[in-house]
Amino acid sequence: MGHPLHALRCALVGVVDVHKRHANSLGTANRTETMISEQVGLTSGSRAVYESLDGKASWGTVVILLPSHWPDTCVPVSGLEPQASQGEQPDIRVGLSHPVYYDAVWTQQSRGCGEPGDFIYISEKLLRNPIDIGRMLAREWAKYRYGVFDEVGYAGDLVYPSCYYSDLTEDIQVNGCSDRSIRNPGVCESGQAINISQVVNPEASSSLMFGSESEHVTKFCDKATHDRFSPTKQNSLCGTRSVMEVINSHRDFNTSSVSESGSGIPINTTPTIQYKRQMLTRYVVVIEDTKDMLVRESWSFLRLAIRKWAVHDLPSNSEVGIVSANEGGATQIHKLSPLQRPEARDLVASNIPYTPGDSHAPACLSCGLNEAFQMLEERALRRGPASSVIIVVAPGTLDFNPELVELTGKLSSAKIRIATITYPGQLRQQPLDWLAERTKGVAYTVTESRYNMATSFLSTYFRLTNVFMSLVSKFYQGDQTDLRIEIHRRELLDNGRSSVTGNFVLEPYLGEPAQFTILTHNIENPLIRGISLISPSHQVYSTRSDSLLSLKLLSLPARINETGSWTYTIERFPGSPQPHYVQVMASPFNRTAAIVRARLWTSRTVNPLVLYTEVKRGDYPVLSARVEVTVTRPGTNGSSVHRERFELIDTGSGDPDLMKGDGIYSRYFSPAVGGPGVYTFEVTVTDNGNTAYTWRQDQQQLDSKPLDIAPNCCGSYVPIPSVEPLQPFQRVLPPVTIMFTSDHIATLQNVGKIGDLKVEVFPGELKARLSWTAPDMGGSSVARYELKYATSIGDILDNFDTATTWSHGAPFPLAPGSETTFTLELTKNPSLLDQTLYIAVRGFKDLSTDSAPGPISNWVRLLIPSPPPPPPPPSSTYPYSQTDLPWPPQDESVIPKIAEKLEFNLDLILPLIIGVFVLAICLAIYCYFCVIRRRKPEKTQPGSSKHPEKPLNVSIVPTTQNSNGNLSISSPILNSSSRQEITANTVPQFEPCLIDEEPKKRFSVAQYNDSQQMTLPRENTAVSNGPNLSIISGNPNPQNGTLVRGRTLSPYQSWTASQLLHEHERRHSPYGQVGDEYMHPHDQYAPPVPPLPAYSQQQSPQQQPESVYGSHPQTVPPPGPFINGYHRNNMLLFNPSLQGSLSSVSSGDRKKRNVTMV
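Just remember that this note's numbering sits 447 ahead of the position in the sequence shown, which is counted from 1.
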């Protein structure tokens, strides 16, 4: 024992837990075989630990925890009976094969560098194979105890790649750490997972974090052999420190009794194996019996909470004692006694005084702890060891109490843990948390909430009962499936509604014993009219039970055993001054049931503070869950209560969340906003609106696979196998309390490292896209980023401040956990093309220039080549010189060259060339005649104008007594003399309309406006020299209205299709001619006319124009105007029922008819 190595060796105690699922699947023979294999593996692991640490330490004692239902015959040593556990927490778990790690030894690490891991996992299949697992155990033990990480890359991982380019060589190399050069037999180019044993140098001795599969590798990399710049997990999370540098800074080796290296004296590294079984838990409750414990109803709430805990919550394998402490000493008011009988349970709370003492002086807590320590020691001597816990309930302690410090050391050596409840608030200088921390216990704070001068809120009692219930789960010696879990919780406040409806989901593998309760403040009048509970099969439970009413609980005796959604309805009296609380508990079916469970813990330091929450169903992580944290700081010295909420995230960004997809959610918390005080953190985990999922359970397939100990997993993320959705669930975790002082706030560390920086190159666009997860800047969002680049890894990591800043834009800050991208456009700085750049980013908490920056991110390599130069343009300078002509030489002809290349003779080449030449001449002649024919003018009719045809303006002159209904045709531009010949007798005038030569062009009439037309005067005398309507005559004389365009234009060549159809129906209507219904011919309407060109008129009021249709009797109304072939008058000229009549043609609500239908 005098040897320093041996003294340290005895301090390393490992605890191996045989996992319950694995334990149930083994028979008695296999159980014994597993125990023997564990002994062999642990012996080999202890020897490997001794060699890897240069003889500084090895395993001294290993405790193997047997499942409670295994018989004593499973112990491989004959006649050795397992002892009762003293509350040891397992370090190594033995279980079934894993869906991702398969049969490899692996460690779950949730905290940062130098922090211990959560547990080590060993596959039972691996233990039963003749494989030396010593080096694997040494590697994982270094992770678990000393907080180091792998020094190897992972296939497909962009943060920790299998291969990378360094700045020392242009060749790609394997990512790792070794004291000899790592070989690369083309494995990087394959893109597949690397077999480490093939790349490890045969002369290498390190590192176990890289090549533990090789037998000659037995050491860790130290400062001399460590590669600081390789993109490994160790470098990224530990600030480029080597594994041995981190290990040597651990408390195991920072004492003067430990030398730097071993003395070379061989020692026995075989550990002592102890077999234990979780059997019994002993509790001693120490209560401060002073006036400070009485704040309104706080003392009565405490008595009721202890009664509920002892009578209804504690399992039967428990023993409870009560000690009261005051300013003068401590008194045992209830000795340690088992809870096998109901009478014993009732006596626990019955002996607590109804009122506390009258003194306000602080109680002697050291006296109470010493009394509890003696009670536990005496009980252990008589009844054997057990898991021993002291529960201290008091309003705090003084700043420094040497007696308590000395006593906590004794309790820790005796493996007695302290659980503290600072209640009814922190009324002393310090909370009780430090007592729990020194003995590896748990600490809670429950602050009394005031309703009025004499009454406390019911929430105080509800939180207190939940704290005592969480103590059961924390210190229970047995299978956790034996305990009920809370699946639903709801607070009912008075919001004016008399009826409240809610629901909860009973998950698979959960059921009886279950309980539906409602917590009420007034047991005389609960202010509840009725309760009903409806099962998924629509069975209604509405009978209440008052059996727990003395504990302020209303229960509903229902058989809650149907999986699915349950609905409850509570009829409340309005105006209730106190809230009600609904709580539903259920139990797992068996020990192998995969139940969603969650647990909360924190980092070991509060500067900075990290909150962790693990959510798993069985052994598999729950992904995409909602983990919400509610933070509360009670008001002190007149300050208001501080509350805030935020969510934990599972992003694998590296700070603080290490790995994505492992089911561990984390975030930083900063008290900078709330100020100093005691903070309570309460976590609620839900299915996030039916989006949570987990891995599919398929253990038979895993068991059927061959042994696989090299899965190459996991770096920045956990690969996801087949998954399945989860039903809705809710878990409310026990609260955790942390005290922050003014010194903590003044010395807050700068955190928020970007640990998952990645780059994607687009060489064709001369761009690169950077992506990362927005960092958590110690509980706040990032305000701005600083992006820099350098030409070497050392410059960007060690000299980031002097590196070059990217000046063409900056990334946009987002909330923590958000995916952030930024595009580097090297077109804005072409000088960076063809250069190897190393890029890193860091964030800032605020926008001020003097803001302290966060840590520097991991580096990424960027190389974008310049685009190839464009081909030179063809030169137009002739002739070329002899040296410039690439082909052919001047003394050679082209044809012999082609013949030589293609092996053709001249007799075949010459006819082909002559034929092509003749064909070209024929095509040229043909094109010439085609052009001549196009230029030849068309023959005109005799008597037609020889001048080129020009567009004509057509003016329509209405029929008057002097105009004879003639149509005048003018040139496109009227000269002044022509304009003067136009007299008042020719009005109304029409604006000249350019007649298009397009044959399909139609023309329409447009008068000035309807009002002018309706007010035009009409002649009462008939015109004797012509019809009552101007027409287009077929007379070739221009003065008789002929349009001179090379041919006579008939009315049917200028009418629209609608007017042609109108004329056809007028002539061939089965009802006779239009107007037959009139008795006198002069009462008939005039027949329709062809469309007139659009015109506009500018006339003076003195002019009295004739109707454009001439002078007609007043009895004959003029036909309605036409615009584009549509009748504008509302008067129908024909029978509306006749299909195809004018009304059908001119109506805007019906379709036009085509002229081909005539």
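Heads up, the beta-carbon is just placed ideally off N, CA and C, and yes, glycines get one too. A quick note: this is a predicted structure, and the numbers were derived from the prediction, not measured.
Beta carbon of Met-1224 nearer than 7 Å to that of Gly-1199: Between Met-1224 and Gly-1199, the CB-CB gap stays under 7 Å.
Nearest-angstrom Cβ-Cβ length linking Val-767 and Leu-786, presumed shorter than 8 Å: Rounded to the nearest angstrom, the Cβ distance from Val-767 to Leu-786 is 6 Å, consistent with a contact under 8 Å.
Sequence ranges, beta strand (DSSP E) only - wholly within the segment 910-987, length at least 3: Given a length threshold of 3 residues, each whole run of the beta strand (DSSP E) inside the segment 910-987 is given here in chain order: 932-939, 946-953, 957-966 and 975-981.
Enclosing alpha helix (DSSP H) for Tyr-591 [first to last residue]: 581-593 is the extent of the alpha helix (DSSP H) around Tyr-591.
Exposure of Pro-1485, with buried meaning 16 or more beta-carbon neighbours within 10 Å: Here the model assigns Pro-1485 a pLDDT of 43, short of 50, so the residue's position is not dependable, and the following value carries that caveat. Classified as exposed, Pro-1485 has fewer than 16 neighbouring CB atoms from the shown chains inside 10 Å of its CB.
Same chain, Cβ closer than 7 Å to Pro-563, neighbours up to 5 away in sequence not counted: Same-chain partners within the cutoff: Tyr-591, Arg-592 and Gly-594.
Alpha carbon of Ile-619 to alpha carbon of Ser-570, nearest angstrom: The straight-line gap from Cα to Cα measures roughly 35 Å.
Residues near Thr-1274 in its chain [Cβ-Cβ closer than 6 Å; skip 5 each side]: Within the same chain, Thr-1274 has close Cβ partners Leu-1213.
Whole beta strand (DSSP E) elements within the segment 1024-1057, 3-residue minimum: Taken in chain order, the unbroken stretches of beta strand (DSSP E) that lie wholly in the segment 1024-1057 and span 3 residues or more are 1027-1035 and 1043-1049.
Spatial distance of Glu-850 from Ser-813 (CA atoms): Using only the alpha carbons, I get a separation of about 6 Å.
Same chain, Cβ closer than 7 Å to Phe-951, neighbours up to 5 away in sequence not counted: Only Ile-934, His-935, Trp-1013 and Val-1031 meet the Cβ criterion.
Coil, strand or helix - Asp-903 by DSSP: Per the sequence shown, the amino acid found at residue 903 is Ser instead of Asp. In the structure shown, the three-state DSSP call for Ser-903 is strand.
Limits of the alpha helix (DSSP H) - the one that Gln-1147 falls within: Counting along the chain, the alpha helix (DSSP H) containing Gln-1147 begins and ends at 1146-1151.
Assumed close pair Tyr-1140, Ile-1042 - CB separation to whole angstroms, cut-off 8 Å: That belief does not hold up - the Cβ atoms of Tyr-1140 and Ile-1042 are roughly 16 Å apart, past 8 Å.
Anticipated Cβ contact below 8 Å, Val-839 with Val-733, distance rounded: By a beta-carbon distance limit of 8 Å, Val-839 contacts Val-733. Their separation comes to about 5 Å.
Beta-carbon spacing of Ile-978, Leu-996 below 7 Å: No, the pair does not count as a contact, with Cβ atoms beyond the cut-off.
Entirely enclosed alpha helix (DSSP H) segments - the segment 721-782, minimum 4 residues: 745-755, all fully within the segment 721-782.
Cβ-Cβ separation, Ala-883 to Ala-866 (assumed contact under 8 Å), whole Å: Contact flag correct, Cβ pair sits at about 6 Å.
For Ala-1299 and Ala-1230, the rounded distance between their alpha carbons: Going by the C-alpha atoms only, they are around 12 Å apart.
Same chain only: Cβ atoms within 6 Å of Ile-641, ignoring 5 sequence neighbours per side: Closer than 6 Å at Cβ, skipping near neighbours: Ser-609 and Val-634.
His-968 versus Leu-905, Gln-986, Glu-938 and Ser-984, residue with shortest Cα-Cα distance: It is Leu-905 whose Cα lies nearest to the Cα of His-968.
Contacting residues, own chain, Cβ-Cβ under 7 Å from Arg-991 (five flanking each side not counted): Ile-978, Leu-1001 and Leu-1003, listed in sequence order.
Three CB pairs or more closer than 8 Å across the segment 1180-1194 and the segment 1044-1055: Taking 8 Å as the limit for Cβ pairs, the verdict is that the segment 1044-1055 does touch the segment 1180-1194.
Separation of Ser-644 from Ser-654, as counted between CA atoms: Going from the Cα of Ser-654 to the Cα of Ser-644 covers about 12 Å.
Range of the contiguous alpha helix (DSSP H) that encloses Val-646: For Val-646, the enclosing alpha helix (DSSP H) starts and ends at 643-646.
DSSP three-state assignment for Leu-786, whether helix, strand or coil: Collapsing the DSSP output to three states places Leu-786 in coil.
Residue range of the beta strand (DSSP E) that includes Ala-1287: Segment 1283-1291, the beta strand (DSSP E) holding Ala-1287.
Three-way DSSP call (helix, strand, coil) for Ile-838 in this model: In the structure shown, Ile-838 sits in a strand (DSSP, three-state: E or B).
Cross-strand partners of Gly-1011 (DSSP beta bridge): Note: Gly-1011 sits in a beta bridge opposite Leu-953.
Which of helix, strand or coil DSSP assigns to Leu-874: Correct three-state label for Leu-874: coil.
Exposure label - Tyr-801; buried when at least 16 CB within 10 Å: By the neighbour-count rule (16 or more Cβ atoms within 10 Å), Tyr-801 is not buried but exposed.
Check whether Ile-1111 and Glu-1061 have beta carbons under 7 Å apart: Yes, they are a contact pair.
Simplified DSSP assignment, three categories, for Cys-610: Looking at Cys-610 - three-state DSSP - the assignment turns out to be strand.
Reduced DSSP category for Thr-1249 - H, G, I as helix; E, B as strand; rest coil: Of the three classes helix, strand and coil, the one that applies to Thr-1249 here is helix, per DSSP.
Distance, Gln-639 Cα to Val-1132 Cα: For Val-1132 and Gln-639, the distance between alpha carbons rounds to 38 Å.
Supposed close pair Ser-1228, Pro-1258 - CB separation, criterion 8 Å: Rounded, the Cβ-Cβ distance is 13 Å, inconsistent with contact.
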